[in-house]
Every structure is written in C-alpha cells, then in structure tokens.
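Listed in order, the protein sequences are those of chains X and E. Heads up, the first sequence is in the working numbering, so the first residue is 1 and it goes up one at a time. Heads up, the second sequence is in the working numbering, so the first residue is 1 and it goes up one at a time. All residues carry an ideal CB built from backbone N, CA and C; glycine is no exception.
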Amino acid sequence: MPNAVEPPVASPSSLQDAYALLAKGGYRPIAGGTDLMVQLTGEIGEPPERVLDISRLDRLRGIERNAGWLVIGALTTYTELRRSPLIAELLPALAEAAATIGAAQIQQRGTLGGNIANASPAGDTLPILLATDARIVVGSGRQERTIPATEFWIGYRTTARADDELVLRVEVPLVSDRRVRFRKIGTRRAQAISKVVMALSWSADGRAGAWRNVRLALGSVAERPIRAWETEAILEGARPDEETAERAVAALAAEIHPIDDVRSTAEYRRAVATRVLHRLIREEGSR
Amino acid sequence: MSYRLQVNGEPVEVDAPGMRRLLDVLREELGLTGTKEGCGEGECGACSVLLDGAVVDACLVPICQVDGRAVTTVEGLAREGVLNALQAAFLETGGAQCGICTPGMLMAGEAFIASGAAPEEDAIREAIAGNLCRCTGYTKIIDAIALAAERRRVPG
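Spelled out as structure tokens, the structure:
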C-alpha cells in the first residue's frame, strides 16, 4: 500500500537555507529516513506536517580527528562508522554498536545524527556517547551550541534540541588510556531493537589495577538512555574482581527502572542488564 | 516535483511528490513490479534495491533523495533475457521457493558479491540478515550466493 501521507518536502543545499526553513516552524528533518519514513503511515503517532530533507547538507558529513577530539558529522551512516579507519582506531566500540543496528539496508541509510535526534530509549549508539563524555553540537539561525550527552536526552523521546535546531555533529574527547566495552542484547543478532544495551568505559590505573573515570550507560532500561551514576560510584577506584562485580550489580539492579513491553519484561531486562555487567567486569578482571 | 534518476542504466524522469517512496515510484509509476512490498517498515527486505550500488529498502527512501542517483532493481540483473550469474545460481541450488523474498535476496546478494568479500557462510548470513524468507529456505539461498561469488572470484 502506498503511504496515505506524502507531506511537502524541501531539500535545501545550504545550512543557511535549512535554518531559514526550520525557523518557519512545522518541519521535521529527514536524513536516512529509517525512523521517519515509517511514521508517514500515521500508525505511529502523528506524521510530520512538513519535511526538511537534510541529506544534501554536506557540511554535516565526515569523520575527523581534531586536536583531542573525534568529530563525527550528523549525516555519517552506520555503514560509514563500520568502515572508518579513524573509528576503528579511536572508538571501535562505536563501530561495534553500528554493526548491531538493523542490517545492511538500515546501516546504509541510518545516521548517527538520526539516532541522536530520534531519541529512542533503545538507541544503540547513545550509551556509547554517554559513556565517553561526548557532546552534541546543534545549530540554528540563532547560534550553534554544544550540549553534553548527559544533558541531551531529557525524557521519553525528548531532547534538549529545539524545533528550529539541527544536530550538526558529535564530538568525543579522546582519552589515551580509556577502554570502552559495548554489549547489546536483542532477540536476534540483526534487525533487533535492543532489550538492553550497555556501554562501559574506564581508565585502568596502571599498577594497582583499579578503574578510574568509570562511566556506565544503558539503553532500554528507562524512559531515556541513562548513565548509571550509583553503579559508577561503586566501580570508581575499585578493581574488577568478583566482589566488585557483586556490589556493582546490586547497585545497578536498584538504579534502573525497566518496563514490560512487547520486546521484553522488566524482570528480564533487570536480570540481563546485571548479568551482562557482571560478566564484563569478570572478563576484564581475568585479563 | 520532477526528479531525474537512472533506473537499471536508463535515464528516467519522474513527476511525483518528494516524499513518495522509491518503492511506489518503481512499482506504480515505472511499472517495475519485480521489487516487492512486504512489511513497508524496513524489517523484511523484500523491497531491497541498489542505490548507487548500496543495498537499501526502497520503502524507506523518499524519491526526493534519489534525484541524480542510480537505482538497480531485480529487472536490471538479466541482460537480453539471459540470467546473470547470481540468478542462475539461485536456480541451480534451489534458492527460490515461493518467490516473495527472491528479488530482495538477489539484490542483497549482488551487493555482497560486489563488495568482493570472501564468500564465507557467516559473511553471507550477515549480508542477507535484513532479508526475511518466509519459506525459511536460507540454506539454499546462502549456497547460491556463495556459488555465484566463487565464480566471480575465479572467472571461467
């Protein structure tokens, strides 16, 4: 069945033109379309009144290293993340996350900026951005501003981005001794929306083997992607051993608030989130 | 709006609303009904086509984003009535059953073969992970893609 709704679309080729259109109101941006095209049927909420095709804004493309930052354009696709030598070198966990999203057809089209702006609590790249102190740069005709990832997803499918702003790029600080691990649990390896998705980052404190600068972020366990602050506090300064793992999972079980839905149950999500964290910590401890 | 694209090597001009799905343009405006609609939401891969060589779901691509680009559909695989290597391999191995997934499987398989990756089972499984076969005939489909890829790598 062809879609009942075909809203008017504008395809500006400059950021200034895009900003001018956004300022008029009523526009929903489309990049890879993997989320928005499905909304045109009207089966999932209200279809957009007008659509702004941002795919020609080439300034939103590219992956580069800029001083101490890894800078990723909003239009970077999951396929590009998977194939990028810079991502492989500087943040391989992000390529790992991209590889779990949909399958080839979705990865060729879906973008990092779209994952960020769509703000699904199950967005698979989002825990990595939270766990690496990334910041998100948004822009409008008024200004560009930089929002820490921890302040970007503020509620269920709600972000700090205003309606007239576009997500332009992501900036991830490069920390030399940082380790990042990623885990996603879904029904199958491909085409699965996560039941639990997790990113853990830390810096190993050489001789003592203790973890510093621990960040733990999760998706699909709350109304938005979250940092697990209490669990981080347990892990900070600790060594990755059995006792630490036990204390960390107790904290995590108390701190997350998953729900029952079509993909899983709250009970399963809590059990699997804690199990995955326990295993990650023990794996690191036995290295 | 009017959009110019290449479909199976031929230049085409389409007059359509910009948010019309590439899938609808192919089937309704251009009469290329080889591309199937399964789920219409990017889950099943029945509408897979190549967009500038990359495999995409035509149900998720608005025509405004195809302006100036090249689309290959299943109708573009055979040349002058002769099946291409992958199509022939599907016949040889029994890779087609009811047929609804076959056009999409062929396009995902073409993208895999064109990538030049070694035709190992895991890699082929990943390449068609976005394509569902309701007959669950995956084994023969994987055999077909492996066979065609092998022949491509060792010409003759």
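In three-state DSSP terms, what is residue i?
i	result
X/T132	coil
E/Y138	helix
X/V9	strand
X/L218	strand
X/N115	helix
E/M19	coil
X/D205	strand
X/R282	helix
X/R212	strand
E/G31	coil
X/A199	strand
X/V226	Residue identity check: residue 226 of chain X is Ile in the sequence provided, not Val. Strand at X/I226.
E/E10	strand
X/I234	helix
E/A146	helix
E/L51	strand
E/G109	helix
X/I106	helix
E/R153	helix
X/I193	coil
E/I164	With chain E running from 1 to 156 in the structure shown, residue 164 of chain E is simply not present.
X/V137	strand
Which residues mark the beginning and the end of the alpha helix (DSSP H) in which residue i is found?
i	result
E/P119	Counting along the chain, E/P119 falls outside any alpha helix (DSSP H), and DSSP gives it neither H nor E.
X/I147	Segment 144-148 is the beta strand (DSSP E) holding X/I147; no alpha helix (DSSP H) there.
X/R82	78-83
X/L21	15-24
X/R287	Counting along the chain, X/R287 falls outside any alpha helix (DSSP H), and DSSP gives it neither H nor E.
E/E37	Taken as a continuous stretch (DSSP letters only), E/E37 belongs to no alpha helix (DSSP H), as it is neither H nor E.
X/L94	92-99
X/L36	36-39
Please state whether the Cβ-Cβ distance between residue i and residue j is less than 9 Å.
i	j	result
E/G42	X/T77	no
X/A160	X/V180	no
E/E107	E/P62	The amino acid occupying residue 107 of chain E in the given sequence is Met; Glu does not appear at that position. Their beta carbons are not under 9 Å apart, which means E/M107 does not touch E/P62 by this criterion.
X/R247	X/I256	no
X/A251	X/T231	yes
E/G9	E/G76	yes
X/P127	X/V172	no
X/A131	X/V170	no
X/V9	E/C64	yes
E/D57	E/A70	no
X/G73	X/L166	no
X/I193	X/S120	yes
X/A95	X/A190	no
X/P258	X/A238	no
X/R82	X/A67	no
E/I100	E/A148	no
E/P119	E/T35	no
X/E80	X/V71	no
E/A46	E/R152	no
X/P85	X/P48	no
Note the first and the last residue of the continuous beta strand (DSSP E) segment covering residue i.
i	result
E/Q6	2-7
X/P29	27-30
- Message: Could you tell me which whole alpha helix (DSSP H) segments of length 4 or greater appear in the segment 58-103 of chain E?
- Response: 85-93
- May I ask you to list, following chain order, the residues of the segment 38-59 of chain X that have a beta carbon less than 8 Å from some beta carbon of chain E? V38, L40, T41, V51, D53, S55
- Within the segment 240-277 of chain X, ranges of the alpha helix (DSSP H) (whole runs, at least 4 residues): Whole alpha helix (DSSP H) segments, 4+ residues: 242-255.
- Which residues, taken in chain order from the segment 68-87 of chain E, show a beta carbon closer than 8 Å to some beta carbon of chain X? none
- Item | Within the segment 151-183 of chain X, ranges of the beta strand (DSSP E) (whole runs, at least 3 residues) | Segments of the beta strand (DSSP E) lying fully in the segment 151-183 of chain X: 153-155, 166-173.
- Query: Can you list the beta strand (DSSP E) stretches of 3 or more residues lying completely in the segment 42-73 of chain X, in chain order?
  - Reply: 50-53, 63-66, 69-73
- Message: Under 7 Å, CB to CB, which of the residues in the segment 81-108 of chain X have a partner in chain E?
- Response: G102, A103, A104, Q105, I106, Q108
- Message: Beta carbons nearer than 8 Å to chain X: which residues of the segment 2-25 of chain E have them?
- Response: P17, G18, M19, R20, R21, D24
- Task: Give the residues from the segment 4-30 of chain X that approach chain E closer than 9 Å (Cβ to any Cβ), ordered along the chain.
- Result: V5, E6, P7, P8, V9, A10, S11, I30
- Query: Of all the residues that make up the segment 24-43 of chain E, which are near chain X by a beta-carbon distance shorter than 9 Å?
  - Reply: D24, R27, E28, E37, G40, E41, G42, E43
- Can you give me, in chain order, the residues of the segment 187-198 of chain X that have a beta carbon less than 9 Å from any beta carbon in chain E? R188, R189, A190, Q191
- Mind checking the segment 44-58 of chain E against chain X and listing, in chain order, the residues whose C-beta falls within less than 7 Å of any C-beta there? G45, S48, A54, V55, V56, D57
- Task: Would you list, in chain order, the members of the segment 126-154 of chain E that have their beta-carbon closer than 9 Å to a beta-carbon of chain X?
- Result: E126, A127, I128, A129, G130, N131, L132
- Of all the residues that make up the segment 98-110 of chain E, which are near chain X by a beta-carbon distance shorter than 8 Å? Within the segment 98-110 of chain E, the qualifying residues are A108.
- Task: Could you list the residues in the segment 116-148 of chain X with a C-beta less than 7 Å from some C-beta on chain E, going in chain order?
- Result: none
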